[in-house]
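When we follow UniProt numbering, the leftmost residue of the sequence shown carries the number 1, and every step to the right adds one.
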Amino acid sequence: MSLLVSPAARSQPPDVGGVVVAPVLPLGQLGALSNLAFYGIQGTEILNIPVPPGLEPVALDAITQLPVNVRSATITVMQEDRTLARVDIPPGDRAPIVIPLTGAEIVDNSVSVTLRSYLLPVDGYCLDPTNPLRLADGRVSFAGVEQAPAAVADFLPPVLRQLIIFVDDNPTRAESDAAVRLATAVAAYYGTQNPDIVLAPLAEGRAGPTEPSAPLQRHIVVRESADTGVSLMTGDGVPALLVAGPPEELANQSRLLTSDLNRLALTSKAVAGPLSSTPQLPGDQTTLRRLGQSGVNATALSPQVSIGLDQTRLGRAAHAVRVHLRGSYTPLPEAIGGQLVASIAGEAIDRWPADASGTVDRWVDVPDRLLQRYTSLGLRLDIAGDTGRCGEFQPLTLTIDGDSPVLSSPAEPPAPGGFQSIPQSLMPRAAVGIDGGFDDTRRAVALMTGLQRLSALPIDTEVMPVSDAVAAVGPAVIVSAAGWADDRITLPVSAEADGQLTVERADAPDETTTLTLNPALGFGALQVVQDGRRTVLVAMSNDAPDQLDGLLGWLGGNVERWATLDGTALISAPGRQPVVFGTDVDVAAEPQAATPTDRPWWFWAAGAALTVLVLLALVAILVRTKRPRHRQ
1 MSLLVSPAAR
11 SQPPDVGGVV
21 VAPVLPLGQL
31 GALSNLAFYG
41 IQGTEILNIP
51 VPPGLEPVAL
61 DAITQLPVNV
71 RSATITVMQE
81 DRTLARVDIP
91 PGDRAPIVIP
101 LTGAEIVDNS
111 VSVTLRSYLL
121 PVDGYCLDPT
131 NPLRLADGRV
141 SFAGVEQAPA
151 AVADFLPPVL
161 RQLIIFVDDN
171 PTRAESDAAV
181 RLATAVAAYY
191 GTQNPDIVLA
201 PLAEGRAGPT
211 EPSAPLQRHI
221 VVRESADTGV
231 SLMTGDGVPA
241 LLVAGPPEEL
251 ANQSRLLTSD
261 LNRLALTSKA
271 VAGPLSSTPQ
281 LPGDQTTLRR
291 LGQSGVNATA
301 LSPQVSIGLD
311 QTRLGRAAHA
321 VRVHLRGSYT
331 PLPEAIGGQL
341 VASIAGEAID
351 RWPADASGTV
361 DRWVDVPDRL
371 LQRYTSLGLR
381 LDIAGDTGRC
391 GEFQPLTLTI
401 DGDSPVLSSP
411 AEPPAPGGFQ
421 SIPQSLMPRA
431 AVGIDGGFDD
441 TRRAVALMTG
451 LQRLSALPID
461 TEVMPVSDAV
471 AAVGPAVIVS
481 AAGWADDRIT
491 LPVSAEADGQ
501 LTVERADAPD
511 ETTTLTLNPA
521 LGFGALQVVQ
531 DGRRTVLVAM
541 SNDAPDQLDG
551 LLGWLGGNVE
561 RWATLDGTAL
571 ISAPGRQPVV
581 FGTDVDVAAE
591 PQAATPTDRP
601 WWFWAAGAAL
611 TVLVLLALVA
621 ILVRTKRPRH
631 RQ
């Protein structure tokens, strides 16, 4: 790959200037947890704060929540061996606190500090190890002047609140493709910061935005042209960025901003050579470290650790997951008995006695029925015996090493299915089918940024016509706002013009039932389909595009809504909150399940009852009411 720098751009820098700003940003917008928890008499939290050039963090504001039976509490702020601040926690519940951060050293546009809590319990009382000191609704105050970027490498700031991507009001296929790729890549780049990413049309006759960007906001213009490259546009304040090129080059130029090569784009214009956007996936055997965990440990009377099994880090839908837990724990005295318990969602899946070796060396199988997109495997050390007052005689440490192996196999069909199977079953590359110009491109951007926020690895995309996406071999995301008429893919819920709905039966795969609405009602829907060995996500409506737009807006309003979706279809009707329901069958993902002829009579009775419940839910969602309602 190569990077060409324009000599003209080097001699003509854009008009840059400072943007005066002193923002107060929630910890969630900085990619950190909004609520910090400090367990035990002495608790520790490490806080990493991204810092835009020209700004510096000055304080952390929060609301304190003290555990019961605490006489006094103090928090210190440390950076390496320096104490930056020491603050007493005010008495009472939900009291505001301001923790100074002034003087913290900024390294590579980031500040890392260690917060330590010290609690003094009331005389005669023991602290509850499960009840921590909490700092809720944390916000960081900044001071200074945000510096405008003078080079392509500086364009994306460490903290971004909003990105607006501008395209022509009737974009070409190449412009739509580059815009969707760019939006998805930026969502992956910022991770849990979750900046707002918007697609907007250029005003008629304008080559760029009509207004300069706001603080911690960026504008990018995507344009198909003969001139290839990524360049800063001239203008007041923070300049917009132009991503340009002929159809065969435009997508590749859009990759520059979030690639490692971008750090070398030290002028106001650069031209990227071929860039790869497909991530290296772990395969059937990996380790906890490669899955993003260098190791976990806990020290307590009954320590417990949580191991995250994230299918998006595997880059595929997986099943038959096995974890070889390797680590150690504090050996127990002879008078104390103990056992190690592995659990998922409160259900114990394995247990074994603790011994004098203090070694953890155990294969744990994760049942497919407990797998989700993100599965938390818990391990705790339970003890029994005389532990003395407040358990002070023997604090125990439990450690699981990052080199612990993790084995898995591809799941076909995914385990679990439906919305919990995405985005991992759409990785590493998904076809994006659109036919509707700007509006469908905007919907595709909303879909892909939402899906990317669920994933720890980037998702590559390729925009193509809907018919090509339907015929593609790999996974696909398809936008069909006006309706669905392609019989090559059967949706869980389909609608006819006369108001008749065809619904897959939950109790019998490949069988359907119908429901006729009078009068017919328009609705928007997202539906997950298992099409052979691939997964397809379809965004559609029955000739009601506004309902689909409302559904996408509702999902984009809170990132947790994407994360908690389950089932196979999400439907939104006028005046109703969107409702998700499932038409898949659990046994379809279990090859070892009994055949239909082996199922007892009560199985079919339960399946018929479930079908009736699905139909009743559809009636409740989709029947039009006489009085108008407004979306909450």
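Yeah, the Cβ is synthetic: ideal placement off N, Cα and C, and Gly gets one too.
Given the structure is predicted, the values throughout are model-derived calculations rather than measurements.
For residue 378, the secondary structure class from DSSP, reduced to helix, strand or coil, is strand.
Two segments are said to touch when three or more pairs of C-beta atoms, one from each, lie closer than 8 angstroms; by this definition the segment 360-369 touches the segment 322-331.
Just measuring C-alpha positions, the residue of 257, 286, 285, 281 sitting nearest residue 272 is 257.
In this structure, residue 31 sits near residue 191, with a CB-CB distance shorter than 7 angstroms.
Of the candidates 454, 101, 126, 462, the residue whose Cα lies closest to the Cα of residue 248 is 462. With contacts defined as CB atoms closer than 7 angstroms, residue 119 and residue 73 qualify as a contacting pair.
In the DSSP assignment, residue 70 falls within the unbroken beta strand (DSSP E) covering 70-79. Residue 67 sits buried, since 16 or more C-beta atoms from the chains shown fall within 10 Å of its C-beta. Of the candidates 94, 469, 148, 60, the residue whose Cα lies closest to the Cα of residue 142 is 60. According to the DSSP secondary-structure assignment, residue 526 is paired through a beta bridge with 539, 570.
Per the Cβ contact rule, the segment 32-49 is in contact with the segment 110-129 (3 or more Cβ pairs under 8 angstroms). Two segments are said to touch when three or more pairs of C-beta atoms, one from each, lie closer than 8 angstroms; by this definition the segment 341-351 does not touch the segment 428-436. A distance below 6 angstroms between beta-carbons, with the five flanking residues on each side excluded, links residue 244 to the following residues of its chain, in chain order: 223, 225, 227. Of the other Cβ atoms in all chains shown, 16 or more fall within 10 Å of the Cβ of residue 175; this residue is therefore buried.
Here DSSP, grouped into helix, strand and coil, assigns residue 340 to strand. For residue 26 against residue 146, the beta-carbon gap comes to about 18 angstroms, at or over 8 angstroms, which does not count as contact. Each of 383, 558, 470, 154 was checked against the Cα of residue 261, and the nearest Cα belongs to 154. Comparing alpha-carbon positions, the option among 178, 534, 425, 447 lying closest to residue 246 turns out to be 178.
Between residue 488 and residue 470 the beta-carbon gap is near 5 angstroms, inside 8 angstroms, which marks them as a contact.
Scanning 440, 231, 472, 189 for the CA closest to the CA of residue 201 turns up 440. Using a Cβ distance threshold of 7 angstroms, residue 127 and residue 57 do not count as a contacting pair. Note on the segment 147-197: whole alpha helix (DSSP H) runs with a minimum of 4 residues are 173-190, in chain order.
According to DSSP, residue pairing for residue 286 in a beta bridge involves 406. Listed in chain order, the non-local C-beta contacts of residue 304 below 8 angstroms within the same chain comprise 298, 378, 379, 380, 381, 398, local neighbours out to five positions each way being set aside.
The DSSP-derived three-state label of residue 296 is strand.
The beta carbons of residue 275 and residue 294 sit no closer together than 7 angstroms. For residue 57, the secondary structure class from DSSP, reduced to helix, strand or coil, is strand. In terms of CA proximity to residue 130, 43 leads the group 220, 221, 43. Residue 217 and residue 144 have their alpha carbons spaced roughly 16 angstroms apart. The shortest CA-to-CA distance from residue 206 to any of 197, 359, 233, 140 is the one to 233. Each of 537, 171, 103, 408 was checked against the Cα of residue 203, and the nearest Cα belongs to 171. DSSP places residue 557 outside both helix and strand once states are collapsed to three, so it counts as coil.
The beta carbon of residue 450 is closer than 7 angstroms to those of 555, 556, 562 in its chain, skipping five residues each way along the sequence. Rounded to whole angstroms, the separation of the alpha carbons of residue 112 and residue 97 is 20 angstroms. Of the candidates 374, 383, 405, 504, 374 places its Cα closest to the Cα of residue 422. In the displayed model, residue 245 falls within a strand according to three-state DSSP.
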